[in-house]
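Enquirer: Sharing a structure here in structure tokens format.
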Amino acid sequence: MSERLNPLTLPLQGSRLIEASAGTGKTWTIAALYLRLVLGHGGVGQDPTRALLPGEILVMTFTKAATRELSDRIRQRLVEAAACFRGEQSPKPEDGFLSGLLADFPVGELRSQAAWRLAMAAEAMDDAAVHTIDAWCQRMLREHAFDSGCLFDEELQANEAAMLAEAARDYWRQDVYPLSAEALAVALTVWKSVNAVVASVKDLLKMPLPADAGQGRLDERITDVAGLRARALADLKSGWVERAAEMQAWLDGQMARKDCPFSKVKLKPANYTGWIGQLSTWASDPDSGEIGLTDAARARLTTAGLRDAVKPGADIDIPACFAAFEALLVALPQLPEIGPVLRSHAVVRVSERMQQLKSQAGTFGFADMLNRLNTALNPQSPGPSGDQAQRLRQRILDQYPVALIDEFQDTSPVQLSIFDRIYRIADNAPGRTLLLIGDPKQSIYGFRGADIYSYLGARRATQGRHHVLGTNHRSTRALVDAVNGFFGGAEARAGEGAFMFRMPRGDAGAGSDGSAMHEGSGLPFLAVDARGRDERFVTSGGEVPAITLCLDAELRSKEGSRDLCAALCAERIVTLLNDAEAGFACEALPLQRLRPADMAVLVRTGTEAAAVRAALRRRGVASVYLSDKDTVFKTDEAQDLLRLLQAVAAPRDVRLARAALATALVGLALEELLALSTDDERFDSQCELLAQLHGAWQAQGILAMVRRALHSFGMPARWLATDDGERRLTNVLHLAELLQAASAQLDGEQALI
Numbered sequence: 031m032s033e034r035l036n037p038l039t040l041p042l043q044g045s046r047l048i049e050a051s052a053g054t055g056k057t058w059t060i061a062a063l064y065l066r067l068v069l070g071h072g073g074v075g076q077d078p079t080r081a082l083l084p085g086e087i088l089v090m091t092f093t094k095a096a097t098r099e100l101s102d103r104i105r106q107r108l109v110e111a112a113a114c115f116r117g118e119q120s121p122k123p124e125d126g127f128l129s130g131l132l133a134d135f136p137v138g139e140l141r142s143q144a145a146w147r148l149a150m151a152a153e154a155m156d157d158a159a160v161h162t163i164d165a166w167c168q169r170m171l172r173e174h175a176f177d178s179g180c181l182f183d184e185e186l187q188a189n190e191a192a193m194l195a196e197a198a199r200d201y202w203r204q205d206v207y208p209l210s211a212e213a214l215a216v217a218l219t220v221w222k223s224v225n226a227v228v229a230s231v232k233d234l235l236k237m238p239l240p241a242d243a244g245q246g247r248l249d250e251r252i253t254d255v256a257g258l259r260a261r262a263l264a265d266l267k268s269g270w271v272e273r274a275a276e277m278q279a280w281l282d283g284q285m286a287r288k289d290c291p292f293s294k295v296k297l298k299p300a301n302y303t304g305w306i307g308q309l310s311t312w313a314s315d316p317d318s319g320e321i322g323l324t325d326a327a328r329a330r331l332t333t334a335g336l337r338d339a340v341k342p343g344a345d346i347d348i349p350a351c352f353a354a355f356e357a358l359l360v361a362l363p364q365l366p367e368i369g370p371v372l373r374s375h376a377v378v379r380v381s382e383r384m385q386q387l388k389s390q391a392g393t394f395g396f397a398d399m400l401n402r403l404n405t406a407l408n409p410q411s412p413g414p415s416g417d418q419a420q421r422l423r424q425r426i427l428d429q430y431p432v433a434l435i436d437e438f439q440d441t442s443p444v445q446l447s448i449f450d451r452i453y454r455i456a457d458n459a460p461g462r463t464l465l466l467i468g469d470p471k472q473s474i475y476g477f478r479g480a481d482i483y484s485y486l487g488a489r490r491a492t493q494g495r496h497h498v499l500g501t502n503h504r505s506t507r508a509l510v511d512a513v514n515g516f517f518g519g520a521e522a523r524a525g526e527g528a529f530m531f532r533m534p535r536g537d538a539g540a541g542s543d544g545s546a547m548h549e550g551s552g553l554p555f556l557a558v559d560a561r562g563r564d565e566r567f568v569t570s571g572g573e574v575p576a577i578t579l580c581l582d583a584e585l586r587s588k589e590g591s592r593d594l595c596a597a598l599c600a601e602r603i604v605t606l607l608n609d610a611e612a613g614f615a616c617e618a619l620p621l622q623r624l625r626p627a628d629m630a631v632l633v634r635t636g637t638e639a640a641a642v643r644a645a646l647r648r649r650g651v652a653s654v655y656l657s658d659k660d661t662v663f664k665t666d667e668a669q670d671l672l673r674l675l676q677a678v679a680a681p682r683d684v685r686l687a688r689a690a691l692a693t694a695l696v697g698l699a700l701e702e703l704l705a706l707s708t709d710d711e712r713f714d715s716q717c718e719l720l721a722q723l724h725g726a727w728q729a730q731g732i733l734a735m736v737r738r739a740l741h742s743f744g745m746p747a748r749w750l751a752t753d754d755g756e757r758r759l760t761n762v763l764h765l766a767e768l769l770q771a772a773s774a775q776l777d778g779e780q781a782l783i
């Protein structure tokens with residue numbers, strides 16, 4: 031059972047799990063707990079009044095941007111609290127935490143000392159221990175090189191792409207080239223080239239693999255799996271020529287009846303005859319692997335699909351062969367697949383080769399770094415002695431008696447093991463503090479090795495010490511209530527719960543020492559209260575429900591469903607935009623009209639995004655596709671902006687100037703480019719513009735320079751007249767913002783370029 035977290039009274043000893051749904055004030059809470067630790071308010075160890083320095087409070091999260099935000103928010107909170115403790119200002123009326131903290135330090139010497147501590151901590155935040163997990167692990171290996179066994183002369187290689195490509199080429203040459211023609215043909219169905227090997231193993235390098243991965247020669251693995259698949263497929267095909275004939279005969283008989291029970295709109299003889307013919311051909315051909323039926327065929331030829339096609343009031347008994355067809359569709363994807371076997375074989379061999387290359391070059395990667403620290407902390411590992419591992423653990427504990435891990439749901443098994451070896455989560459010892467803060471519903475780094483079972487193991491290890499941030503400060507009450515109702519209903523039903531992770535009692539994991547972690551309840555849905563946006567979304571028809579589900583009962587192909595959903599989505603957006611009364615209503619304030627930028631469409635794939643954008647375009651609505659998978663640095667705009675930056679940094683370099691002026695970013699017409707090549711005066715004027723932009727870059731920064739360049743060359747007006755112009759403009763502005771942020775860490779224009 032989770033307890034509502036009170037940041038003023040939460041015990042700051044032992045290990046605790048804080049579950050924080052979106053919008054519940056996670057960063058605010060971390061900053062609040064940081065204040066208490068700095069002041070020694072219910073602190074660590076035998077002396078609960080011991081105040082900690084920022085360098086002793088380890089705060090970890092997953093991205094550099096998040097560390098900067100956390101550090102800034104903590105610093106701001108320290109400065110604000112110091113001013114309140116000095117009596118220069120009063121806590122805000124809604125800030126009950128700071129008011130309560132102030133009350134716990136009586137006016138006089140105690141409060142003055144607390145104000146000094148807060149001010150000193152704010153000044154020391156530049157040296158605070160706020161890190162990404164990778165950066166912290168690297169720091170520990172270097173600071174404790176003797177105990178960790180890390181070589182002083184090894185270098186961290188942040189980007190291993192070149193080494194991965196070299197290892198993959200070696201694998202292709204040593205394992206794939208020697209294959210027989212038959213085995214090579216099978217391998218080429220998985221990898222068309224060595225580049226495909228790189229793409230397929232890149233993410234698998236971070237994942238746990240089966241015990242037999244990489245064993246044996248590649249040709250042996252191909253032969254084994256091909257044989258298993260052929261035998262299993264032959265077993266599945268057995269009897270299906272006869273069953274297909276039975277299906278055809280029964281359907282023909284039903285359709286020939288005067289009182290035909292089927293709707294001839296939903297079930298057409300021409301369609302099902304073709305489908306069953308494909309099924310029969312597949313069953314009779316021993317070499318045919320793919321059944322080749324459309325989504326509509328697979329849906330209609332099942333018991334449920336046929337019942338959907340029955341006329342209202344009609345009742346029929348559907349033969350067992352149709353249920354068998356449904357079972358066949360379930361069984362086919364479970365046949366032994368060659369792809370996973372080849373990929374797991376490749377990832378083991380490529381990984382081994384990468385380790386050899388790293389050893390030769392004296393480098394290591396981020397994954398190696400985590401594994402090394404985890405191994406160094408393990409007293410049973412073959413590397414360091416048990417005394418070394420214990421000494422390393424104790425030195426890290428002395429250095430960081432308190433650790434707060436933000437976004438804990440995204441930890442990998444290795445990362446969790448490191449924290450568990452240091453802080454021993456299940457022990458809950460009072461001499462150290464570990465606060466695990468996260469929301470498993472927001473886990474997004476599965477591709478990087480994050481494992482929900484790691485989170486569940488930690489949840490069991492902290493059984494009885496679970497706290498929840500129970501108030502949403504971001505969303506409207508209507509939306510919060512709707513989400514609570516939507517997931518709460520699923521959670522209340524018997525079975526696996528709202529998130530399919532309700533675990534049986536006693537299904538315990540293991541701690542870092544091999545002991546069983548405590549029993550737990552898996553991943554429950556925790557309802558929250560609302561204290562967020564005080565507004566309602568309304569249209570001419572009144573207030574709009576917070577969640578609306580649209581159900582299409584008609585069986586359609588995948589493409590048909592996608593196009594229908596895109597059309598309905600676009601139509602709804604246009605209807606809302608054309609509604610003069612659509613907008614956000616708030617008490618005592620005028621209606622805020624709905625704008626296109628207020629709406630977002632979430633899709634699963636780029637294909638779905640293209641369908642929605644096309645449907646919107648047909649209705650005259652512009653849209654921008656934003657995808658985290660497509661980095662903005664790989665866009666055409668990034669390449670063009672690079673050429674422009676090179677020219678602006680050296681405005682008198684004729685070669686660079688011509689390269690920049692010829693880009694689509696600048697967008698000069700062909701005639702104008704030809705004129706520039708022959709008219710020195712016109713070319714000099716463009717070089718002068720580049721020089722002016724250079725001055726703007728030096729005086730105001732790169733963001734201001736890029737904005738000035740956009741308007742100097744008339745880019746916005748020209749781009750926004752095209753279908754993808756808004757996306758192109760967004761890319762350039764996004765790049766400019768990223769460059770502006772990077773410029774604070776880099777020295778000079780060339781470093782930024």
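Going by this note's numbering, the first residue of the sequence shown is number 31, and it counts up by one from there.
Note that CB positions come from ideal geometry on N, CA and C, so glycine has one too.
#1: Which residues does DSSP pair with residue 185 in a beta bridge?
#2: Should residue 472 be labelled buried (16 or more other beta-carbon atoms within 10 Å of its own) or exposed?
#3: Using a Cβ-Cβ cutoff of less than 7 Å, which residues in the same chain neighbour residue 543 once the five nearest sequence positions on both sides are dropped?
#4: Just to confirm my understanding: we take residue 99, look at its own chain, exclude 5 residues before and 5 after, and list those with CB closer than 8 Å. What are they?
#5: Buried or exposed: residue 221, going by 16 or more other Cβ atoms within 10 Å of its Cβ?
#6: Please report the straight-line C-alpha distance between residue 564 and residue 375, rounded to a whole angstrom.
#7: Just verifying my parser: in three-state terms, what is the DSSP assignment at residue 368?
#8: Quick one: what does DSSP say residue 620 is sitting in, helix, strand or coil?
#9: Considering only residues of the same chain and omitting the five flanking positions on each side of residue 779, which have a CB-CB separation below 6 Å?
#10: In chain order, what residues of the same chain lie with their CB nearer than 8 Å to the CB of residue 585, ignoring the 5 residues before and after it?
#11: Can you round the beta-carbon distance between residue 422 and residue 397 to whole angstroms, since I take them to be within the 8 Å contact cut?
#12: Can at least three beta-carbon pairs, one atom from the region 143-152 and one from the region 112-121, be found at a separation below 8 Å?
#13: Does the region 706-724 come into contact with the region 666-684, if we say contact requires no fewer than three beta-carbon pairs (one atom in each stretch) closer than 8 Å?
#14: Below 7 Å, is the gap between the Cβ of residue 333 and the nearest heavy atom of the ligand PLP?
#15: How about residue 671 and residue 698: are their beta carbons less than 8 Å apart?
#16: Tell me which residue opens and which closes the beta strand (DSSP E) that residue 49 is part of.
#17: By the three-class DSSP mapping on this structure, what secondary structure does residue 527 have?
#18: Looking only at its own chain, which residues have a Cβ that is under 6 Å from the Cβ of residue 251, when we skip the five neighbours before and after it?
#19: Is it buried or exposed for residue 64, if we count other Cβ within 10 angstroms and need 16 for buried?
#20: How many angstroms separate the CA atom of residue 762 from the CA atom of residue 468?
#21: Compare the Cα-Cα distances from residue 597 to each of 121, 636, 131 and 647 and report the closest residue.
#22: Buried or exposed, going by whether 16 or more other CB atoms sit within 10 Å of the CB of residue 612?
#23: Please report the residue range of the beta strand (DSSP E) in which residue 433 lies.
#24: Could you check the C-alpha separation between residue 76 and residue 529 for me, to the nearest Å?
#25: Once the 5 residues before and after residue 417 are set aside, which same chain residues still bring their CB inside 6 Å of it?
#26: Sort out for me which residues DSSP pairs residue 90 with in a bridge.
#27: Please classify residue 176 as buried or exposed, where buried requires at least 16 neighbouring CB atoms within 10 angstroms.
#28: In whole angstroms, give me the CA-to-CA distance for residue 386 and residue 484.
#29: Anyone know if the C-beta pair for residue 446 and residue 453 falls short of 8 Å?
#30: Which runs of the alpha helix (DSSP H), 4 residues or longer, sit entirely within the region 751-777?
#31: Hey, could you find the ends of the alpha helix (DSSP H) residue 741 is sitting in?
#32: Leaving out five residues before and five after residue 69 in sequence, what residues of the same chain have Cβ atoms less than 8 Å from its Cβ?
#33: Would you say residue 262 and residue 403 are within 8 Å of each other, going by their C-beta atoms?
#34: Excluding the 5 residues flanking residue 512 on each side, which residues of the same chain have their C-beta closer than 8 Å to its C-beta?
#35: I need the straight-line Cα distance from residue 195 to residue 228, nearest angstrom please.
#36: If we ignore side chains and look at the alpha-carbon of each, how far apart do residue 539 and residue 489 end up?
Expert: Inspection of the coordinates gives the following:
#1: 393
#2: exposed
#3: Because residue 543 carries a pLDDT of 40, less than 50, the predicted location of this residue cannot be relied on, and the following value inherits that uncertainty. For residue 543, where only same-chain residues beyond five positions count, there are no Cβ hits under 7 Å.
#4: 57
#5: buried
#6: 56 Å
#7: helix
#8: strand
#9: 679
#10: 296, 326, 329, 330, 335 and 338
#11: Going by Cβ atoms, the distance from residue 422 to residue 397 rounds to 20 Å, so no, they are not a contact pair.
#12: yes
#13: yes
#14: With respect to the ligand PLP, the structure offers nothing, as it holds no ligand at all.
#15: no
#16: 44-50
#17: coil
#18: 371 and 375
#19: buried
#20: 33 Å
#21: 647
#22: buried
#23: 432-435
#24: With a pLDDT of 47 at residue 76, under the threshold of 50, the modelled position of this residue cannot be trusted, and the question is left open.
#25: none
#26: 161 and 435
#27: exposed
#28: 30 Å
#29: no
#30: 755-773
#31: 732-742
#32: 81, 131, 135, 144, 147 and 148
#33: no
#34: 575, 576 and 577
#35: 6 Å
#36: Summary for residue 539: the model assigns pLDDT 42, below 50, so the residue's position carries little reliability; its value from the coordinates is reported in the next sentence. Residue 539 and residue 489: Cα-Cα distance of roughly 10 Å.
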